[in-house]
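Numbering (the numbering used here), first residue to last: 27 to 281. Here a beta-carbon is modelled for each residue, glycine too, at the ideal position from N, C-alpha and C. Model, not experiment: these values are computed from the prediction. One structure below.
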Amino acid sequence: MATITRENIGVLNDKITVKIEKEDYLPSFEKSLKNYSKSASIPGFRKGMVPAGIIKKMHGQSVFADEVLRTVEKELMKFMDTEKLDIFAQPLPLAENDARQLDVNNPAGYTFGFEVGLKPDFKVADLSVEKIPYYKVEVTDEMLNEQIERLRKAYGKKKDPDGGDEEDNIEKAELNEEFFKAAYPGKDFKSEEEVRAEIKKEIEAYWEGQARNQMQHEIYHRLLDHSEISFPESFLKRWLENSTEQPKNAEEVEK
């Protein structure tokens with residue numbers, strides 16, 4: 027029967043040791059070996075009729091190692107589920123773990139250690155007493171006039187086709203129905219007043235979105251400033267150093 031112990035080694039940082047006996051993995055190892063024998067194709071033997079001894083000699087070590095490690099992982103996951111451990115990322119195998127100790131010809135008890143980073147319990151700061159501004163921008167006639175002038179220039183014509191987009195080379199569009207249709211296709215605007223009303227709605231919608239973003243940004247930072255949250259920093263750094271396809275060094279992790 028597997029024996030599992032848990033030891034605190036730092037802030038929100040625990041070590042879990044899994045010790046299994048041969049009785050924990052041998053039945054599944056023997057079953058896997060038999061299943062392998064049924065599907066193996068080896069010259070000189072009919073499929074499914076390869077003696078177990080030959081299969082064990084040829085593939086026993088890899089099957090044995092797989093079953094031992096699978097059993098360790100199963101027991102580890104079962105323990106964390108029972109203990110309701112809420113962890114960051116995945117358990118990190120300790121450097122002292124050595125799969126080379128696994129020997130199909132000498133089944134024994136094995137011990138593997140893992141490091142886990144625990145997610146913190148924290149209380150979100152109460153911002154009900156905080157005054158967080160929500161800005162409302164008033165659209166002025168000046169803002170409307172500036173936007174109309176930009177549109178007139180955008181839909182105007184060049185006086186000199188070979189010239190640039192300088193102010194003095196652009197004949198701005200007239201405020202007529204042709205301009206209204208070009209600037210707002212699909213809209214049946216007949217007057218400048220209707221266009222100004224549409225532009226006002228657009229500007230108001232833009233600044234309302236900006237105000238929401240600003241308020242959310244403010245709430246986010248006030249929550250960070252007023253909520254006390256701890257992290258298993260040493261574990262997370264080691265996990266980042268070892269968990270990627272291209273391991274990072276300590277200097278890269280600090281960035």
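Query	Result
Tell me, please, which residues DSSP counts as bridged to E33.	K41
Give the DSSP-derived three-state secondary structure of I255 in the structure shown.	coil
Could you tell me whether the Cβ atoms of V130 and A66 are closer together than 9 Å?	no
Indicate whether E141 and D40 have their beta-carbon atoms separated by less than 9 Å.	yes
Strictly by DSSP, which residues pair up with Y136?	I46
Any C-beta of chain E sitting closer than 9 Å to the C-beta of Q87?	Absent here is chain E; the protein component of the structure consists of one chain.
Sort I81, N61, K57 by Cα distance to I68 and report the nearest one.	I81
Counting only runs of 4+ residues fully inside the stretch 47–105, write out the alpha helix (DSSP H) ranges in chain order.	48–65
Under 8 Å by Cβ, that's how I've got R113 and G143 pegged, so tell me the actual separation to the nearest angstrom.	It is Ile, not Arg, that sits at residue 113 in the sequence shown. The pair is a contact, with the Cβ atoms about 6 Å apart (cut-off 8 Å).
Using the DSSP secondary-structure output, state which residues sit across from L118 in a beta bridge.	E141
Alpha carbon to alpha carbon, how far is A134 from E47?	6 Å
Keeping to the same chain, check which residues put their C-beta closer than 8 Å to that of R248; ignore five residues upstream and five downstream.	A151, L153, E156, I158
Whole angstroms are fine: how far does the CA of D251 sit from the CA of E192?	49 Å
Leaving out five residues before and five after Y160 in sequence, what residues of the same chain have Cβ atoms less than 7 Å from its Cβ?	A237, M241
Can you give me the C-alpha to C-alpha distance between H85 and P77, rounded to a whole angstrom?	12 Å
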